[in-house]
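K.L.:
Residue numbers (the working numbering): 18 to 448.
Please see the structure below; I have some questions.
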Amino acid sequence: MANVYSVSQVNNYIKNMFTQDFLLQGLSVQGEVGSCKYHSSGHIYFTLKEKGAALSCVMFAGYRKGLDFTLSQGQQVIVSGSVEVYERDGTYQLYARRIRQAGSGRLYEQYEALKKELEEMGMFDSCYKQPIPCFIRTLGVVTAPTGAAVRDIIQITQRRNPFVQIILYPAQVQGEGAAFSIVNGIHALEEKGVDAMIVGRGGGSIEDLWAFNERIVAEAVFHCSVPVISAVGHETDTTIIDFVSDLRAPTPSAAAELAVYDAGTYLASLESAEAQLTGRMRDTIHRYRAAAEYRNQVLKARHPGAKLREQRTRLDYVREQLDARMEEDLRDNRRRLDAQSEQLADLMEHKMIRYRNRLDVQVAALKGLSPLDKLRQGLCYVTDEEGHAVRYAARVKTGQTISLQFQDGRVNAKVLGKELEDVGERFGSDS
Numbered sequence: 018m019a020n021v022y023s024v025s026q027v028n029n030y031i032k033n034m035f036t037q038d039f040l041l042q043g044l045s046v047q048g049e050v051g052s053c054k055y056h057s058s059g060h061i062y063f064t065l066k067e068k069g070a071a072l073s074c075v076m077f078a079g080y081r082k083g084l085d086f087t088l089s090q091g092q093q094v095i096v097s098g099s100v101e102v103y104e105r106d107g108t109y110q111l112y113a114r115r116i117r118q119a120g121s122g123r124l125y126e127q128y129e130a131l132k133k134e135l136e137e138m139g140m141f142d143s144c145y146k147q148p149i150p151c152f153i154r155t156l157g158v159v160t161a162p163t164g165a166a167v168r169d170i171i172q173i174t175q176r177r178n179p180f181v182q183i184i185l186y187p188a189q190v191q192g193e194g195a196a197f198s199i200v201n202g203i204h205a206l207e208e209k210g211v212d213a214m215i216v217g218r219g220g221g222s223i224e225d226l227w228a229f230n231e232r233i234v235a236e237a238v239f240h241c242s243v244p245v246i247s248a249v250g251h252e253t254d255t256t257i258i259d260f261v262s263d264l265r266a267p268t269p270s271a272a273a274e275l276a277v278y279d280a281g282t283y284l285a286s287l288e289s290a291e292a293q294l295t296g297r298m299r300d301t302i303h304r305y306r307a308a309a310e311y312r313n314q315v316l317k318a319r320h321p322g323a324k325l326r327e328q329r330t331r332l333d334y335v336r337e338q339l340d341a342r343m344e345e346d347l348r349d350n351r352r353r354l355d356a357q358s359e360q361l362a363d364l365m366e367h368k369m370i371r372y373r374n375r376l377d378v379q380v381a382a383l384k385g386l387s388p389l390d391k392l393r394q395g396l397c398y399v400t401d402e403e404g405h406a407v408r409y410a411a412r413v414k415t416g417q418t419i420s421l422q423f424q425d426g427r428v429n430a431k432v433l434g435k436e437l438e439d440v441g442e443r444f445g446s447d448s
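Written out as structure tokens, the structure reads:
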């Protein structure tokens, strides 16, 4: 019975065979780059292909320092390294230690020489760059009439602004005569008077893109009076006209976006600007209206009529205050007079009572001195013939006629005699 081996044993055996093969440990392989992926670890995974064959390749990050260009799909390259077996999957691949562009050495030297010459001539200087118009009506395109580049440009232009007219010059962009075709397209669209121009094509190898590295194309772009946007290849591809043109776009699609203003965005910005302007105008009108209203109020307040009304109102207020004060004063004076009247009445009443009492006393005193009372008490009033009162007996003479006044009448009498008392000496001086 034949020996039975495990999968790992078989893979390990094949790996040892590859390792012992001197040719596989140091060979160079030429082909076209198929799929290409730059891994986050720094490794590059790609395939080399030709008709009916493909070879998996990997370049580890440690060898990338020797790579002086960006590896991309479609490039013709020569990869140097070793073929080894990946034991886990049982596959073999080319482990690249060096990669160079196949057949591009001479072309690359020409590219660098022309680039240096044109740079020294000042054709790359930014002072010669024309600004791309913000709003264009006609867009000139110099590219192949078929292919993804022209389709992308048309599609993006129509999407961003369907009112922009595209004028296509179907140029030959690869092979013999391509440079003259591109130059003729630039001159034709310049004479047509387009607002801006896109010159470019899709990606490819350095040989495919070489027409855009020709001196005549660079000079045509530099001297063109119409702003030129270069859009050659993929983002990693760089040609001479990228340095000469007024603006470089990484792809034809990006060139269309740079050349054609987005009408939707513009209309939205107009609506936003209109809304902002309306809001500002409304705020300004409101502010000026408020200021005018304030000034109007100030003018009304300073108007002579307003001053008169204010003074009249103040006068009415003062008059009301004065009337109220006068009325209050009158009430106070009236209350004061009433109080004084009451006090005076009380005082007069007291005085009247006092005077009445005094009068009663005096009346009583007078009453005690009244002749009538004396007459009522039995006394009489004596007068002589001449009507003089006779108060003393010494003054009456014997035989003299006297009149005696009693309470109820008068009696005339004649003095028959008189008797004097001892007190008569006190009246001796009276006559």
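All C-beta atoms in this analysis are idealised placements derived from N, C-alpha and C, irrespective of residue type, glycine included.
Under the assumption that Thr160 contacts Arg117 (Cβ atoms under 8 Å), give the Cβ distance between them as a whole number of angstroms.
P.N.:
Thr160 to Arg117, Cβ: 30 Å. No contact.
K.L.:
Suppose the cutoff is 6 Å on Cβ atoms and the five residues either side in sequence are ignored; what does the same chain contact list for Ser446 look like?
P.N.:
Per-residue confidence for Ser446 stands at a pLDDT of 47, beneath the threshold of 50, marking its modelled position as unreliable; the derived number appears in the next sentence. Excluding residues within five positions, none has a Cβ falling inside 6 Å.
K.L.:
Is the beta carbon of Val211 closer than 7 Å to that of Leu185?
P.N.:
In this structure, Val211 does not lie closer than 7 Å to Leu185 by Cβ.
K.L.:
Kindly indicate which three-state DSSP category Ser58 falls into: helix, strand or coil?
P.N.:
The answer is coil: DSSP assigns Ser58 none of H, G, I, E or B.
K.L.:
Can you say whether Arg351 is buried or exposed, counting buried as having 16 or more other CB atoms within 10 angstroms of its CB?
P.N.:
Arg351 should be labelled exposed.
K.L.:
Excluding the 5 residues preceding and the 5 following Phe229 in the sequence, name in chain order all residues of the same chain whose CB lies nearer than 6 Å to its CB.
P.N.:
Excluding sequence neighbours, Phe229 sits near Val249, Thr256 and Ile258.
K.L.:
Check whether the Cβ atoms of Ile215 and Ile246 sit closer than 7 Å, and answer yes or no.
P.N.:
Result yes, Cβ atoms of Ile215 and Ile246 sit closer than 7 Å.
K.L.:
Under a three-way DSSP split, which group does Lys384 fall into?
P.N.:
Looking at Lys384 - three-state DSSP - the assignment turns out to be helix.
K.L.:
So what does DSSP say about Thr108, is it helix, strand or coil?
P.N.:
Note: Thr108 maps to strand in three-state DSSP.
K.L.:
Out of Glu252, Val399 and Glu126, which has the shortest C-alpha to C-alpha gap to Gln90?
P.N.:
Cα-wise, what sits closest to Gln90 is Glu252.
K.L.:
Quick check on Ala308: buried or exposed, where buried means 16 or more other Cβ atoms within 10 Å of its Cβ?
P.N.:
Exposed, by the Cβ-count rule.
K.L.:
Count the other CB atoms, across all protein chains shown, that sit within 10 Å of the CB of Gly79; report buried if there are 16 or more and exposed otherwise.
P.N.:
Exposed is the call here.
K.L.:
Under 7 Å Cβ to Cβ from Phe35, same chain only, skipping five residues before and after it: list those, please.
P.N.:
Closer than 7 Å at Cβ, skipping near neighbours: Leu41, Val100, Glu101, Val102 and Tyr109.
K.L.:
Run the CB neighbour count on Ser242, radius 10 Å, all protein chains shown included, and call it buried at 16 or more, exposed below.
P.N.:
By the neighbour-count rule (16 or more Cβ atoms within 10 Å), Ser242 is not buried but exposed.
K.L.:
Helix, strand or coil for Asp447, going by three-state DSSP, please let me know.
P.N.:
Note on Asp447: pLDDT 48, under 50, position unreliable in the model; the coordinate value appears next. Asp447: coil per DSSP, three-state reduction.
K.L.:
In terms of DSSP beta bridges, what is Ala213 paired with?
P.N.:
According to DSSP, which records beta bridges pairwise, Ala213 is partnered with Leu156.
K.L.:
Can you list, in chain order, the stretches of the beta strand (DSSP E) that have 3 or more residues and sit fully within the region 159-246?
P.N.:
Counting only runs of 3 or more, we get 182-187 and 213-218.
K.L.:
Could you give the DSSP three-state label for Arg408: helix, strand or coil?
P.N.:
If DSSP states are grouped into helix, strand and coil, Arg408 belongs with coil.
K.L.:
Rounding to the nearest angstrom, what Cα-Cα distance links Thr415 and Lys384 in this structure?
P.N.:
Approximately 34 Å, taken between the alpha carbons.
K.L.:
In or out: Met76 buried (at least 16 other Cβ within 10 Å) or exposed?
P.N.:
With 16 or more Cβ atoms within 10 Å of its Cβ, Met76 is classed as buried.
K.L.:
Would you mind sorting Ser448 into buried or exposed? The rule is 16 or more other CB atoms within 10 Å of its CB.
P.N.:
Note on Ser448: pLDDT 44, under 50, position unreliable in the model; the coordinate value appears next. Counting Cβ neighbours within 10 Å, Ser448 comes out exposed, since fewer than 16 surround it.
K.L.:
May I ask you to report which of helix, strand or coil DSSP gives Gly322?
P.N.:
Helix, per DSSP.
K.L.:
Apart from the five residues just before and just after Thr87, which ones in its own chain have a Cβ nearer than 7 Å to its Cβ?
P.N.:
For Thr87, where only same-chain residues beyond five positions count, the Cβ hits under 7 Å are Thr253.
K.L.:
Measure the alpha-carbon distance for Thr418 versus Gly426 and round it to whole angstroms.
P.N.:
Going by the C-alpha atoms only, they are around 17 Å apart.
K.L.:
Just tell me which of Ala430, Gly98, Gln175 and Ala71 has its CA closest to the CA of Tyr278.
P.N.:
That would be Gln175, whose Cα lies nearest to the Cα of Tyr278.
K.L.:
Give the DSSP-derived three-state secondary structure of Leu437 in the structure shown.
P.N.:
In the structure shown, Leu437 sits in coil (DSSP, three-state: anything other than H, G, I, E or B).
K.L.:
Cutting at 7 Å between CB atoms, please list the residues of its own chain near Asp340, excluding the five before and the five after it.
P.N.:
Taken in chain order, the list of residues that qualify is empty.
K.L.:
So for Phe77, helix, strand or coil by DSSP?
P.N.:
Here Phe77 sits in coil by DSSP.
K.L.:
Are the Cβ atoms of Ile95 and Gln127 separated by less than 7 Å?
P.N.:
No, Cβ-Cβ distance for Ile95 and Gln127 is not below 7 Å.
K.L.:
Report yes if the C-beta distance between Ala166 and Pro269 is below 7 Å; otherwise report no.
P.N.:
Going by C-beta atoms, Ala166 is nearer than 7 Å to Pro269.
K.L.:
Please say whether Ala196 and Ile233 have beta carbons closer to each other than 7 Å?
P.N.:
The answer is yes: Cβ separation under 7 Å.
K.L.:
Check the DSSP bridge columns for Lys431 and list the partner residues they point to.
P.N.:
Note: Lys431 sits in a beta bridge opposite Thr418.
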